[in-house]
Amino acid sequence: MTSIIVDTECVARFVLRQDWIRADGTIRQDAFLPPKDLNLSVTRHRTLSEDEIWSHGNNVIKNHKDPKVQLVGRADIDVGTIRRQNLDVVEAWQEKNPEHAHIVNWPNAKPDQKKLALELAAAAKYSAYTMEKSSKA
Amino acid sequence: MLLKAKPQRYVLLGMRSSTGLSASAEFVNERFAEVREQCESSCTLGHGSSKNELSRLAMECQRDDWDGYGARAISMQACANASKFLCIIPPEMPQPAIGVEPDGQVSFEWYKDPRHVISVSVSEDSNLHYAAIIGSSSQSGTEPFLGQFPSSILDLIERIVSR
Numbered sequence: 005m006t007s008i009i010v011d012t013e014c015v016a017r018f019v020l021r022q023d024w025i026r027a028d029g030t031i032r033q034d035a036f037l038p039p040k041d042l043n044l045s046v047t048r049h050r051t052l053s054e055d056e057i058w059s060h061g062n063n064v065i066k067n068h069k070d071p072k073v074q075l076v077g078r079a080d081i082d083v084g085t086i087r088r089q090n091l092d093v094v095e096a097w098q099e100k101n102p103e104h105a106h107i108v109n110w111p112n113a114k115p116d117q118k119k120l121a122l123e124l125a126a127a128a129k130y131s132a133y134t135m136e137k138s139s140k141a
Numbered sequence: 015m016l017l018k019a020k021p022q023r024y025v026l027l028g029m030r031s032s033t034g035l036s037a038s039a040e041f042v043n044e045r046f047a048e049v050r051e052q053c054e055s056s057c058t059l060g061h062g063s064s065k066n067e068l069s070r071l072a073m074e075c076q077r078d079d080w081d082g083y084g085a086r087a088i089s090m091q092a093c094a095n096a097s098k099f100l101c102i103i104p105p106e107m108p109q110p111a112i113g114v115e116p117d118g119q120v121s122f123e124w125y126k127d128p129r130h131v132i133s134v135s136v137s138e139d140s141n142l143h144y145a146a147i148i149g150s151s152s153q154s155g156t157e158p159f160l161g162q163f164p165s166s167i168l169d170l171i172e173r174i175v176s177r
């Protein structure tokens, strides 16, 4: 069942590498650069509890072969902030994560992607993941 | 000293079960030994810890999906170009933070605060893609990497770090 993603919604970009986070707790552009298919994965908060959000984060790295890929934290950002950069957020349902979405409408040029990633990173709020916050999935 | 440390790193990287290195692991090790050697030998002036950081990232990001989101592995050429870029950073400039991007390019960041930051990516085809936020404005562009530090990027970095 599709739903409208309104500007006031919040989405989470799971941070899977420590070097995406600066020493002062701010987020580097690396966390928001799109992959080759220009669909940047995020998870909608909607009515999820903190535990449920973190559980989705753990599912992303579950069974990953590289031990360096870990759930470090997440970067939360409002959909309205994303759309003001001429990007969009669309549903991208996954069986294990019905709240999965994509940030889309990225430009093709690398410098423009970097500029947008810098803006998103500057606007996002970082929360570090600790085991106490959630039981592992 | 670093040369002596290398064999240990190879063994550590290739550790499997008691059967030892697989053929593919050995191949990967050898390829990235070349990269590491380039990273460590190409610069003799300053930014020593940046060289080590580049070497570390080259090892960590040598396989696809190193970021958990399907990123492309860092390429030998990207790493070599990044190593050359390190060599031309003026020694009086602060050391940048180094990262790897989903397309396998290496990035260099100079940062003051989230609204005063510049990131420069070094591509395989020897281009420098940059983006900067300076207060309420932002700039981005591409400069060819011709062996000299582009003045346009230098100006932006100086505006950010001297704030």
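If you read the protein sequences in the order shown, they are chains A and B. Reading the first sequence from the start, the letters are residues 5 to 141 in the numbering used here. Reading the second sequence from the start, the letters are residues 15 to 177 in the numbering used here. Ideal Cβ placement from N, Cα and C applies to all residues, glycine included.
Where residue i sits in the DSSP three-state scheme
i, result
"Pro115 (chain A)", "helix"
"Ser59 (chain A)", "helix"
"Lys126 (chain B)", "strand"
"Lys100 (chain A)", "coil"
"Leu37 (chain A)", "coil"
"Ser121 (chain B)", "strand"
"Cys14 (chain A)", "strand"
"Ala96 (chain B)", "helix"
"Gln22 (chain A)", "helix"
"Asn141 (chain B)", "strand"
"Ile148 (chain B)", "strand"
"Gln91 (chain B)", "helix"
"Gly62 (chain B)", "helix"
"Ala127 (chain A)", "helix"
"Ile167 (chain B)", "helix"
"Ala85 (chain B)", "coil"
"Glu157 (chain B)", "strand"
"Ser133 (chain B)", "strand"
"Ile31 (chain A)", "strand"
Residue i: contacting residues in chain B (beta-carbon distance under 9 Å)
i, result
"Asp34 (chain A)", "Asp81, Gly113, Val114, Glu115, Pro116, Ser121, Glu123 and Ser133"
"Leu20 (chain A)", "Asp81, Gly82 and Tyr83"
Pick from the options that is closest to residue i, judged by C-alpha positions
i, options, result
"Ser9 (chain B)", "B:Asp127, B:Gln76 and B:Ile112", "As displayed, chain B neither begins before 15 nor continues past 177, which places residue 9 (chain B) out of reach and without an answer."
"Ala126 (chain A)", "A:Glu54, A:Leu37 and A:Ser53", "A:Leu37"
"Ser127 (chain B)", "A:Asp28, A:Trp58, A:Val64 and A:Asp70", "Checking the sequence shown, residue 127 (chain B) turns out to be Asp, not Ser. Checking every option, the nearest Cα to that of Asp127 (chain B) belongs to A:Asp28."
"Lys114 (chain A)", "B:Gln76, B:Gln162, B:Gln153 and B:Arg70", "B:Gln153"
"Gln91 (chain B)", "B:Asp79, B:Gln119, B:Glu172 and B:Gly84", "B:Gln119"
"Thr47 (chain A)", "A:Ala96, A:Trp110, A:Ser131 and A:Ala121", "A:Ala96"
"Ile88 (chain B)", "B:Ile103, B:Phe163 and B:Arg70", "B:Arg70"
"Arg87 (chain A)", "A:Val73, A:His68, A:Asp70 and A:Leu124", "A:Leu124"
"Leu91 (chain A)", "A:Lys119, A:Leu75, A:Val76 and A:Asp70", "A:Lys119"
"Val93 (chain A)", "A:His106, A:Pro102 and A:Lys100", "A:His106"
"Ser59 (chain A)", "A:Gln22, A:Asp11, A:Val76 and A:Pro111", "A:Val76"
"Asp80 (chain A)", "A:Cys14, A:Val108 and A:Asn67", "A:Cys14"
"Pro110 (chain B)", "B:Ala96, B:Asp117 and B:Arg86", "B:Ala96"
"Pro39 (chain A)", "A:Thr134, A:Met135, A:Ser131 and A:Gln117", "A:Gln117"
"Asn101 (chain A)", "A:Val108, A:Ala35, A:Val64 and A:Arg26", "A:Val64"
"Arg173 (chain B)", "B:Tyr125, B:Gly155 and B:His143", "B:Tyr125"
"Ile9 (chain A)", "A:Gln74, A:Thr85 and A:Gln33", "A:Thr85"
"Tyr130 (chain A)", "A:Asn67, A:Trp110, A:Asp11 and A:Ile25", "A:Ile25"
"Ser140 (chain B)", "B:Ala146, B:Val131, B:Ser121 and B:Ser150", "B:Ser121"
"Glu210 (chain B)", "B:Ile148, B:Ser137 and B:Val175", "In the structure as shown, chain B begins at 15 and stops at 177. Residue 210 (chain B) is therefore absent and cannot be evaluated."
"Ala146 (chain B)", "A:Gln33, A:Asp11 and A:Val108", "A:Gln33"
Neighbour list for residue i in chain B, Cβ cutoff strictly below 7 Å
i, result
"Glu99 (chain A)", "Chain B residues near Glu99 (chain A): none, gap ~18 Å exceeds 7 Å."
"Thr30 (chain A)", "Pro128"
"His68 (chain A)", "Gly82"
"Asp23 (chain A)", "Gly113"
"Arg26 (chain A)", "Tyr125"
"Lys72 (chain A)", "Glu74"
"Ser45 (chain A)", "Tyr83"
Exposure label - residue i; buried when at least 16 CB within 10 Å
i, result
"Gln98 (chain A)", "exposed"
"Gly61 (chain A)", "buried"
"Arg78 (chain A)", "buried"
"Arg17 (chain A)", "buried"
"Leu100 (chain B)", "buried"
"Leu59 (chain B)", "With a pLDDT of 49 at Leu59 (chain B), under the threshold of 50, the predicted position of this residue should be treated as unreliable, and no value is reported."
"Ala121 (chain A)", "buried"
"Leu170 (chain B)", "buried"
"Gln162 (chain B)", "exposed"
"Asn112 (chain A)", "exposed"
"Leu160 (chain B)", "exposed"
"Pro104 (chain B)", "exposed"
"Leu16 (chain B)", "Residue placement at Leu16 (chain B) cannot be trusted, given a pLDDT of 35 that sits under 50; what the coordinates show is reported in the next sentence. Exposed: under 16 other Cβ atoms inside 10 Å."
"Gln22 (chain A)", "exposed"
"Ala132 (chain A)", "exposed"
Beta-carbon neighbours of residue i, restricted to chain A and to distances below 9 Å
i, result
"Arg129 (chain B)", "Ala126"
"Ile148 (chain B)", "Chain A residues near Ile148 (chain B): none, gap ~11 Å exceeds 9 Å."
"Gly62 (chain B)", "Near Gly62 (chain B) there are no residues of chain A at all, since even the closest Cβ is about 18 Å away, more than 9 Å."
Partners in chain A for residue i, counting only beta-carbon separations shorter than 8 Å
i, result
"Ala85 (chain B)", "Pro39"
"Ser10 (chain B)", "Residue 10 (chain B) falls outside the range modelled here, since chain B spans only 15 to 177, and no answer is possible."
Within chain C, partners of residue i - CB distance below 7 Å
i, result
"Ile65 (chain A)", "No chain C is part of this structure, whose protein chains are labelled A and B."
Interface residues of chain A facing residue i [CB-CB closer than 7 Å]
i, result
"Ala145 (chain B)", "Pro115, Lys118, Lys119 and Leu122"
"Glu138 (chain B)", "The premise fails here: Glu138 (chain B) is roughly 12 Å from chain A at the closest Cβ pair, so nothing lies under 7 Å."
Quiz item: Whole alpha helix (DSSP H) runs in the segment 43-98 of chain A with 4 or more residues, listed along the chain?
Solution: 54-65 and 83-87
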